[in-house]
Amino acid sequence: CIYGNFIDTTLRLLEQRFSKHQQIAVNIVNLLPSTVVDKKLNDVIDVFKFYRSDLRSNNIDVVIGEFEMWQQKWKKIPERERPANIINTLTALVPVKEFYPNLNCLFQIFAILPVTVATAERSFSTMKRIKTTLRNSISDKRLKSAVHEALINRNKMSIDNDSYREAYYAARRTSIAAASIDTGYLDRDIYVRDYNIDE
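The following block contains the structure:
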């Protein structure tokens with residue numbers, strides 16, 4: 107009984123994740139110049155039918171004609187010179203997009219289809235790790251510094267230590283000066299010793 111429920115739930119989740127319209131949308135990849143030369147009309151006809159209302163022409167025969175011209179165009183080009191991704195395909199389509207208005211529309215749709223949210227999830231997980239480690243024991247100013255450090259480490263940016271140290275000490279001097287104004291007290295000896303200031 108438990109096994110059957112598990113299988114049913116798994117199948118339902120897979121059907122949701124890989125629904126029919128998503129499979130059709132993925133078939134737009136068959137129109138890319140690197141793959142279109144080997145494809146048959148049956149490989150892309152569902153894409154044309156699915157996006158018919160978005161295309162310039164509602165006549166499926168016009169779209170099929172564009173597909174055949176597109177296929178012939180790329181058969182004449184050497185394989186290593188054929189664009190293999192959507193950005194390069196759209197760039198190659200710019201000078202001839204008047205000849206392929208429906209395919210141009212499909213490629214624009216393909217360019218904006220969401221692929222994944224991995225970048226956003228990665229940023230959120232980085233922030234979650236930072237906040238988990240430092241939760242409730244950190245001010246907003248220190249949290250911003252920790253985020254800055256995490257970004258620097260992730261991007262492996264090189265920072266000049268002298269300029270970084272100088273900026274840190276300048277910020278500390280400002281904080282100490284502000285504290286002395288509030289409290290009316292500033293221990294000059296500690297200030298001079300900590301910041302290596304010549305008298």
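Counting along the sequence shown from 1, when you hit position 183 you're at 289 in the numbering used here, and nothing is skipped either side. For glycine and all other residues, C-beta sits at the position ideal for the given N, C-alpha and C.
What does a CB cutoff of less than 6 Å around leucine 209 pick up in its chain, not counting 5 residues either side in sequence?
Within the sequence shown, numbered from 1, the residue matching residue 209 stands at position 103. Hits under 6 Å: Glu172 and Trp176.
Looking at the C-beta of isoleucine 183, does it have a partner C-beta in chain C at a distance below 7 Å?
The structure shown contains no chain C; it is built from a single protein chain.
For a test of the three-state rule: what should DSSP assign to isoleucine 113, helix, strand or coil?
Translated into the one-based positions of the sequence shown, residue 113 becomes position 7. Three-state DSSP puts isoleucine 113 in a helix.
Boundaries of the alpha helix (DSSP H) in which phenylalanine 154 is found, first to last residue:
Looking up residue 154 in the sequence shown gives position 48. Segment 147-156, the alpha helix (DSSP H) holding phenylalanine 154.
Check valine 169 in the structure and name its three-state DSSP category.
As a position in the sequence shown, residue 169 is number 63, starting the count at 1. It is helical.
Phenylalanine 213 and threonine 197: beta carbons closer than 7 Å?
Within the sequence shown, numbered from 1, the residue matching residue 213 stands at position 107. Within the sequence shown, numbered from 1, the residue matching residue 197 stands at position 91. No, the pair does not count as a contact, with Cβ atoms beyond the cut-off.
Taking valine 150 as the reference, which of Glu187, Ala256, Val132 and Glu255 has the closest Cα?
Your numbering for residue 150 matches position 44 in the sequence shown. Selected option, being the one with the closest Cα: Val132.
If you follow the alpha helix (DSSP H) that alanine 190 is in, where does it begin and where does it stop?
Counting from one through the sequence shown, the residue named residue 190 turns up at place 84. Per DSSP, alanine 190 belongs to no alpha helix (DSSP H) and is neither H nor E.
Taking 7 Å as the threshold (C-beta atoms), are lysine 146 and asparagine 136 in contact?
Here residue 136 refers to the residue found at position 30 when the sequence shown is read from its first residue. Here residue 146 refers to the residue found at position 40 when the sequence shown is read from its first residue. Their beta carbons are not under 7 Å apart, which means asparagine 136 does not touch lysine 146 by this criterion.
My guess is that cysteine 211 and leucine 138 are in contact by the Cβ rule of under 8 Å, so how many angstroms apart are they, rounded?
By one-based count along the sequence shown, residue 211 stands at place 105. By one-based count along the sequence shown, residue 138 stands at place 32. Not confirmed; about 15 Å, so no contact.
Relative to the C-alpha of threonine 141, which residue among Glu187, Ser251 and Ile170 is closest?
Here the question's residue 141 lines up with position 35 in the sequence shown. The option with the nearest alpha carbon to threonine 141 is Glu187.
Give the DSSP-derived three-state secondary structure of lysine 250 in the structure shown.
Taking the sequence shown and counting its residues from 1, one reaches residue 250 at position 144. Here lysine 250 sits in helix by DSSP.
Beta-carbon proximity list for isoleucine 192, same chain, < 8 Å, skipping 5 on both sides
Translated into positions along the sequence shown, residue 192 becomes position 86. Same-chain partners within the cutoff: Leu138, Phe213, Phe216 and Ala217.
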